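See structure below.
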Amino acid sequence: MVADGARRAGGRMPRGIVYEEIDNYIDGLANRGDAALMAVEKQGLDEGWPIVGAAEGSLLHILARSVRAKRILELGTAIGYSGTWLARALADGGELVTVEHDPKTAALAQKNFERTGVSSKVRIVVGTAERALREVKGLFDFIFNDIDKVGYPAVLEPCIERVRLGGLLVTDNVLWHGDVSRKDRSPEVTAIRTYNERLSKDPRMIASVVPLRDGISIASKITIDGFGIAHHGVAHGVPSREP
Ligand SMILES: C[S@@+](CC[C@H](N)C(=O)[O-])C[C@H]1O[C@@H](n2cnc3c(N)ncnc32)[C@H](O)[C@@H]1O
Numbered sequence: 048m049v050a051d052g053a054r055r056a057g058g059r060m061p062r063g064i065v066y067e068e069i070d071n072y073i074d075g076l077a078n079r080g081d082a083a084l085m086a087v088e089k090q091g092l093d094e095g096w097p098i099v100g101a102a103e104g105s106l107l108h109i110l111a112r113s114v115r116a117k118r119i120l121e122l123g124t125a126i127g128y129s130g131t132w133l134a135r136a137l138a139d140g141g142e143l144v145t146v147e148h149d150p151k152t153a154a155l156a157q158k159n160f161e162r163t164g165v166s167s168k169v170r171i172v173v174g175t176a177e178r179a180l181r182e183v184k185g186l187f188d189f190i191f192n193d194i195d196k197v198g199y200p201a202v203l204e205p206c207i208e209r210v211r212l213g214g215l216l217v218t219d220n221v222l223w224h225g226d227v228s229r230k231d232r233s234p235e236v237t238a239i240r241t242y243n244e245r246l247s248k249d250p251r252m253i254a255s256v257v258p259l260r261d262g263i264s265i266a267s268k269i270t271i272d273g274f275g276i277a278h279h280g281v282a283h284g285v286p287s288r289e290p
């Protein structure tokens with residue numbers, strides 16, 4: 048067992064999802080990209096921006112590449128750290144649309160996209176995620192949701208509608224330091240729980256939570272009409288055979 052092993056090794060109880068030592072170990076192994084991306088990571092740490100970090104950035108990159116994403120939507124740009132990981136995963140001719148409601152933050156992101164050499168592939172939309180989901184046209188191969196947590200339930204349905212069949216909806220902070228599984232009733236926890244439960248029951252999606260960092264939900268759109276059983280041989284929640 049991981050927990051017993053960590054205790055035997057003198058591990059401290061986790062602040063977040065996994066033991067701090069394990070978190071640090073994973074972070075130590077993570078690919079951090081080139082000097083430009085490392086500089087954005089350092090800026091995030093020095094200035095206290097809530098960026099995803101290298102291990103999660105790499106995971107986003109791997110996932111976007113694995114669906115050969117040509118069109119990616121990111122909700123929550125901040126200083127452009129996760130956005131750079133995503134933009135660098137785009138297939139040739141691809142585009143990242145990234146949404147940030149704070150204009151000053153969007154300007155910092157623009158500078159960083161130039162610094163990391165991806166600005167020609169990135170369009171920053173300054174405005175709310177809710178509005179962008181109504182106004183930006185077309186489907187996406189990959190959507191990354193990382194806005195304020197109380198806003199999660201409101202964007203779930205439009206995100207599901209806007210991800211293409213076979214595409215991915217990836218969401219950050221879905222375990223919220225583990226508080227989602229405890230008795231916590233803060234607005235963030237209540238919103239994240241609602242989001243996680245609706246997503247897990249949605250017949251168009253198959254979702255799984257990875258306990259990396261603050262918890263990442265990875266959901267694949269398996270059908271556009273909710274008839275996943277007939278089309279894919281998967282009874283939602285109860286696999287009838289390997290999907
Ligand atoms: C957690 S940070 C994003 C971090 C970024 N994904 C990264 O890892 O590099 C969330 C960002 O989303 C913005 N934001 C929060 N709620 C939003 C909303 N409803 N619409 C648009 N932007 C939002 C915040 O201003 C903040 O810059």
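According to the numbering used here, the sequence shown is numbered sequentially starting from 48. All C-beta atoms in this analysis are idealised placements derived from N, C-alpha and C, irrespective of residue type, glycine included. Quick caveat, the model's predicted, so the values are computed rather than measured.
Opposing strand residues paired with residue i [DSSP bridges]
i: S228; result: Note: S228 sits in no beta bridge, so no partner.
i: E208; result: Answer is none; E208 lacks a bridge partner.
i: F187; result: V210
i: D93; result: Bridge partners of D93: none, in fact.
i: R170; result: V144
i: V256; result: S264
i: E121; result: T145, F191
i: T218; result: N192, S264
Cut-off 8 Å between Cβ atoms - residues of its own chain near residue i, not counting five sequence neighbours on either side
i: V114; result: D188, F189, G213, G214, L215
Contact test: residue i Cβ vs ligand 1 heavy atom, cutoff 7 Å
i: A176; result: yes
i: Y128; result: yes
i: A125; result: yes
i: L212; result: no
i: G198; result: yes
i: E147; result: yes
i: I239; result: no
i: L84; result: no
i: V65; result: no
i: I109; result: no
i: V99; result: yes
i: T152; result: yes
i: I119; result: no
i: D193; result: yes
Contact set for residue i: own chain, Cβ-Cβ below 6 Å, skip 5 residues either direction
i: W132; result: G104, L107, H108
i: R232; result: none
i: R162; result: A83
i: I73; result: A102
i: A238; result: K196, V197, Y199, P200
Whole-number beta carbon distance between residue j and residue i, since they are thought to touch under 8 Å
i: L110; j: V146; result: Not quite, the Cβ-Cβ distance comes to about 19 Å (not below 8 Å), so this is no contact.
i: M252; j: I207; result: 6 Å
i: V169; j: A134; result: 5 Å
i: A136; j: R118; result: Not really, about 12 Å apart at Cβ, beyond 8 Å.
i: A125; j: W96; result: 5 Å
Close beta carbons around residue i, own chain, < 7 Å, minus the five adjacent residues each side
i: V236; result: W223, D226, V227
i: N78; result: A101, S105
i: G80; result: none
i: V165; result: T131, A134, R135
i: V65; result: P258
i: K40; result: Past the edges of the chain, shown from 48 to 290, lies residue 40, and the structure says nothing about it.
- request: Report yes or no: do the segment 165 to 180 and the segment 197 to 207 share at least 3 C-beta pairs separated by less than 8 Å?
  value: yes
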